[in-house]
Structures are given as structure tokens and as C-alpha cells.
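> Structure in C-alpha cells, see below.
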Amino acid sequence: MQSSNGTHPDGARPTVDAPPDPVAVFRDLVALEAQGKAEGSAFAAEIRQPGVLDSWRDALVDLVSQTMVEQQAARARVEEARGDYTTYREAMREHAGWSRRAGHFRACVETRLRECKRLQRERDEGRSRATRTDLVSRVETLEFEVRRLRRSVQVVAEEVAS
Numbered sequence: 000m001q002s003s004n005g006t007h008p009d010g011a012r013p014t015v016d017a018p019p020d021p022v023a024v025f026r027d028l029v030a031l032e033a034q035g036k037a038e039g040s041a042f043a044a045e046i047r048q049p050g051v052l053d054s055w056r057d058a059l060v061d062l063v064s065q066t067m068v069e070q071q072a073a074r075a076r077v078e079e080a081r082g083d084y085t086t087y088r089e090a091m092r093e094h095a096g097w098s099r100r101a102g103h104f105r106a107c108v109e110t111r112l113r114e115c116k117r118l119q120r121e122r123d124e125g126r127s128r129a130t131r132t133d134l135v136s137r138v139e140t141l142e143f144e145v146r147r148l149r150r151s152v153q154v155v156a157e158e159v160a161s
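This is the structure in C-alpha cells:
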């Protein structure tokens, strides 16, 4: 296991940095996009493609969950400081600013999550519409074949009867 300063846990030898986790990188890019820091970029357009929507939604849900957990932990730290008035006031002041930023971030992510869900519905409705169109076309083809076969049966029946 690597420590945050890049050394081995026993401190004796440096470790090689592991390649970045692609899921974490994607989630970080989604967070930047949700904050409006990737507007107009290729990434912002790419995540709205039908094949990427499910991954985008997963990353957004992770970000909302992570923010909620961090907000609860921050509230718990404030509660821990209740014993000393000065420490508690300082903790409340720091928490107020952080909480405001976290709430804004969460609202931005939730806005993107609603957009993602809308795009998923549109994608799924488009698939359903295409499926219905294919089914209607197939039924019409089968109805035509049935009429043709009935005419053929009538012709054969008339020939046999005469």
C-alpha cells in the first residue's frame, strides 16, 4: 500500500505510482462538467451520447452519494467540537462555508442527473418507437402474405372443384 507522499508504508523505499483509475478519472471529469468547467468540450458532448449515458448516470449518482457522506461527516466534526465554545464557533464558521459550496456542487450534479435521466428516457423511447415501427412493418408483411396465401388456396380450390 502506498502512502500519500509516494513512499512505502514503512518509509524505507519509494513506490511506483499506479496508473490512474479510469473510473475515478471519468468521475472527476463528470464532476468538472457538472460544475460547468467543461462546457462546450468534446467530453461534455461525448457523455451525452446514447452509449455513454448509463456510465454518466452511475458517475453522477456516485458523486451525489459521496457528497452526502461528506456532508454528514462534516456535521459530525462540528458536533464533536461542541465542548469548547471557541472551537465550536470556528468549526461552525468553517462548516458554513464548506457546506454552502458542497450544497451548490450537489445541486449542480443533481441538475446534470436530471438531464441524464431525460436523455436516457428519450433514448429508450426512441428504441421503443423503432421496435413498434418494426413490429407494425412485420405485421403488415405477414398480413400481406396471409392474403396472398388465401388467394392461392382459393385458386387451387376452384381448380379442384372444376
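Sequential numbering of the sequence shown, starting at 0, is according to numbering that gives the first Met the number 0.
Beta carbons are placed, not taken as given, at the ideal position from N, Cα and C, and that holds for glycine.
Compute the Euclidean distance between the alpha carbons of Arg74 and Glu114, then round it to the nearest angstrom.
The count along the sequence shown starts at 1 and reaches residue 74 at position 75. The count along the sequence shown starts at 1 and reaches residue 114 at position 115. Taking the straight line joining both Cα atoms gives about 30 Å.
> In angstroms with no decimal places, state the Cα-to-Cα distance between Val29 and Gly50.
Numbered from its first residue, the sequence shown carries residue 29 at position 30. Numbered from its first residue, the sequence shown carries residue 50 at position 51. Roughly 16 Å between the two C-alpha positions.
> Measuring CA to CA, which of Gln119, Arg111, Arg149, Asp133 is closest to Ala43?
Numbered from 1 along the sequence shown, position 44 holds the residue referred to as residue 43. Of the listed residues, the one whose Cα sits closest to Ala43 is Arg111.
> In angstroms with no decimal places, state the Cα-to-Cα distance between Leu52 and Glu139.
Position 53 of the sequence shown holds residue 52. Position 140 of the sequence shown holds residue 139. Whole-angstrom Cα-Cα distance: 34 Å.
> With DSSP run on the structure shown, which of helix, strand or coil describes Val145?
Along the sequence shown, one-based indexing puts residue 145 at 146. Note: Val145 maps to helix in three-state DSSP.
> Report buried or exposed for Glu32, applying the criterion of at least 16 other Cβ atoms within 10 angstroms of its Cβ.
Residue mapping note: residue 32 aligns to position 33 of the sequence shown, counting from 1. Buried, since its Cβ has 16 or more Cβ neighbours within 10 Å.
> With a cut-off of 8 Å on the beta carbons, I'd call Leu134 and Arg47 a contact; round off their distance for me.
Your numbering for residue 134 matches position 135 in the sequence shown. Your numbering for residue 47 matches position 48 in the sequence shown. Their Cβ separation, rounded to whole angstroms, is 29 Å, which puts Leu134 and Arg47 out of contact at 8 Å.
> Can you tell me which of the three DSSP states Val51 falls into?
Counted from its first residue, the sequence shown places residue 51 at position 52. Three-state DSSP puts Val51 in coil, outside helix and strand.
> Give the list of continuous beta strand (DSSP E) stretches no shorter than 3 residues that lie fully inside the segment 74 to 98.
Given a length threshold of 3 residues, the segment 74 to 98 has no whole run of the beta strand (DSSP E) inside it.
> Mark Val24 as exposed unless 16 or more other C-beta atoms lie within 10 angstroms of its C-beta, in which case mark it buried.
Counted from its first residue, the sequence shown places residue 24 at position 25. So Val24 counts as exposed.
> Give the range of the alpha helix (DSSP H) segment to which Glu38 is assigned.
Residue mapping note: residue 38 aligns to position 39 of the sequence shown, counting from 1. Looking at the DSSP string, Glu38 is not in any alpha helix (DSSP H), and its letter there is neither H nor E.
> Applying the 10 Å Cβ sphere with the 16-neighbour rule, what's the burial state of Leu59?
Residue numbering aside, residue 59 sits at position 60 when the sequence shown is read from its first letter. By the 10 Å Cβ count, Leu59 comes out buried.
> Would you kindly check if the distance between the Cβ of Ala95 and the Cβ of Tyr87 is under 8 Å?
For the purposes of this step, residue 87 is taken as residue 88 along the sequence shown, with counting starting at 1. For the purposes of this step, residue 95 is taken as residue 96 along the sequence shown, with counting starting at 1. No, the pair does not count as a contact, with Cβ atoms beyond the cut-off.
> Would you mind reading off the limits of the alpha helix (DSSP H) that contains Asp27?
Counted from its first residue, the sequence shown places residue 27 at position 28. That run of the alpha helix (DSSP H) goes 21 to 33.
> For Leu62 versus Val108, is the C-beta distance shorter than 8 Å?
Here residue 62 is taken as the residue at index 63 of the sequence shown, counted from 1. Here residue 108 is taken as the residue at index 109 of the sequence shown, counted from 1. Cβ distance < 8 Å, so Leu62 and Val108 count as in contact.
> In whole angstroms, what separates the C-alpha of Arg67 from that of Phe143?
As a first step, residue 67 is located in the sequence shown; it is residue number 68 there, counting from the start. As a first step, residue 143 is located in the sequence shown; it is residue number 144 there, counting from the start. Correcting the residue identity first, residue 67 is Met in this sequence and not Arg. In a straight line, the C-alpha of Met67 is about 59 Å away from that of Phe143.
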